[in-house]
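**Q**
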Amino acid sequence: MLLALKKYLEAKVAEHTAILDVYLQKPVAIGDHDKIFEVIVDRFEKLTCAKHQLDELEKIINAQQVQTETETKAETKTKK
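For the sequence shown, position 48 (counting from the first letter as 1) is numbered 88 according to my numbering, and the numbering increases by one without interruption.
#1: As an exercise, report each continuous beta strand (DSSP E) stretch of at least 3 residues that is fully enclosed by the region 73-115, in chain order.
#2: Please work out which residues of its chain come closer than 7 angstroms, Cβ to Cβ, to T110, disregarding the five sequence neighbours upstream and downstream, and give them in chain order.
#3: Tell me, to the nearest whole angstrom, how far the beta carbon of L49 is from that of L94; I am working on the premise that it is less than 8 angstroms.
#4: Just mark H92 as buried or exposed, buried being the case when its beta carbon has 16 or more other beta carbons within 10 Å.
#5: For chain C, is any of its Cβ atoms less than 8 angstroms away from the one on E50?
Put into structure tokens, the structure is as follows:
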């Protein structure tokens, strides 16, 4: 489940990054958009939130991997 959540968050980061790129690099594609600044701010907030969530999730995944490795080493020593 954690790996699925990681993929989901990576997709969100990619989505918000792509949308911001369009708004910032190709404003012709936007046309007359009277709330462009608000949209950019909203997307930037969503991007930073998704990145923060991804960072925190990676910490959890790494901690679980370390715990699993430690438990495996302890079991190996106990069996000897």
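Yeah, the Cβ is synthetic: ideal placement off N, Cα and C, and Gly gets one too.
**A** Taking the coordinates as given:
#1: none
#2: Counting from 1 along the sequence shown, the entry for residue 110 is found at position 70. There are no such residues.
#3: Taking the sequence shown and counting its residues from 1, one reaches residue 49 at position 9. Taking the sequence shown and counting its residues from 1, one reaches residue 94 at position 54. With 8 angstroms as the limit, L49 and L94 qualify as a contact, their Cβ atoms being about 4 angstroms apart.
#4: For the purposes of this step, residue 92 is taken as the residue at position 52 of the sequence shown. With fewer than 16 other Cβ atoms within 10 Å, it is exposed.
#5: As a matter of chain content, chain C is missing from the structure shown, which is built from one protein chain.
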